[in-house]
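Undergrad:
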Amino acid sequence: MEETDIDFLVEELHNIGLWVMKLQESLGNLADHLIETKRFVAEIQTEQRQMAAKMIDLERLISTRTELIEERIRGTESTVARVEDSLKASGDSLQSRIDSLEGSLKESLEDIKRLMDHNFDAIMSKLQEIEGNIQKLADAVSVTKSLATYIRSDIRSLSYELKEEIKRSDEADSERYGQMVERIEELQRYVDSVLTEQERILDAHTERLLTLQGEVALLREAVLKNFGEVFTRLGMLSYPKILTGDENE
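Numbered by the working numbering, the letters in the sequence shown go through residues 83 to 331 in order.
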């Protein structure tokens, strides 16, 4: 091997050492995102359980008496407000995490493009970790969409039960009861509009996550290509089986 090639390899190895330090820092940030994602999924699951309990409590309040019906409507309005705040907070949190993940992936892409390292298995493991983070966010989006669907169904069922209860009341034809029916219908329309908007936002999050998955796939291809070039330059006679497709390597 000529002296110029040796100098080149020494310089490349020095650059690799610097890059590995930077990559470790980036991976540390990704680990923090993973922990935060797990916490967020747990919060959503807790929110679902709490919401289910609240809906069960609301169903027990159905009564033929006017005062109880009005109290039920007020409680439903308050629940809708809390649900709206919860969905908006969930959407904002998801968007913040996806933005952060996109930034980390872009930094990793620039780092891995300069990758000239021999530790192939470690790098592929980190790529799998990134893919795992993306999947956890996708699962969180799916859980939130399921929550929105559950809320819409339960509110519609509650609206129907309240109106049926009003019809069975002794004063069902009174103006007061007519106003209560109108309030119930208006509340249901408002809930539908809020949930539709939240579902639109969640669909946009899903689209962004699919884009990130595509970027990671391209990143994996770039890593494989770069490793193949490094191994060729060093004059190695064998390659990792993932590069050659040789399952018996």
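The beta carbon of each residue, even a glycine, is placed where N, CA and C say it ideally should be. No experiment lies behind these values; they were computed from the predicted model shown.
Quick one: residues in its chain with C-beta nearer than 7 angstroms to the C-beta of K227, no 5 flanking neighbours on either side, listed in chain order?
TA: Position 145 of the sequence shown, counted from the start, is the residue given in the question as residue 227. So the list reads E281, L284, once near-sequence residues are dropped.
Undergrad: Assess contact between the segment 292-305 and the segment 229-248, defined as three or more Cβ pairs (one per stretch) separated by less than 8 angstroms. Is contact present?
TA: In short, these stretches do not touch, since the Cβ pair count stays below three.
Undergrad: Evaluate contact between the segment 229-237 and the segment 269-279, counting only Cβ atoms and requiring at least three cross-stretch pairs below 8 angstroms.
TA: The segment 229-237 vs the segment 269-279: in contact.
Undergrad: Would you call the CB atoms of I216 and L291 closer than 8 angstroms?
TA: Position 134 of the sequence shown holds residue 216. Position 209 of the sequence shown holds residue 291. Cβ distance < 8 angstroms, so I216 and L291 count as in contact.
Undergrad: For the alpha helix (DSSP H) holding R250, just list the boundary residues, first then last.
TA: Here the question's residue 250 lines up with position 168 in the sequence shown. Taken as a continuous stretch (DSSP letters only), R250 belongs to no alpha helix (DSSP H), as it is neither H nor E.
Undergrad: Buried or exposed: L95, going by 16 or more other Cβ atoms within 10 Å of its Cβ?
TA: The residue labelled residue 95 in the question sits at position 13 within the sequence shown. L95 is exposed by the Cβ-count criterion.
Undergrad: Distance, Cα to Cα, L91 vs Q106?
TA: The residue you call residue 91 lines up with position 9 of the sequence shown. The residue you call residue 106 lines up with position 24 of the sequence shown. About 22 angstroms.
Undergrad: How about I233 and V165: are their beta carbons less than 8 angstroms apart?
TA: Within the sequence shown, residue 233 is the residue found at index 151, counting from 1. Within the sequence shown, residue 165 is the residue found at index 83, counting from 1. Yes; because the gap between Cβ atoms is below 8 angstroms, this pair is in contact.
Undergrad: On the three-state DSSP scale, how would you describe L316?
TA: Stepping through the sequence shown from its first residue, residue 316 is reached at position 234. Only weak support exists for where L316 lies, its pLDDT of 49 falling under 50; the value from the coordinates is given anyway. Of the three classes helix, strand and coil, the one that applies to L316 here is coil, per DSSP.
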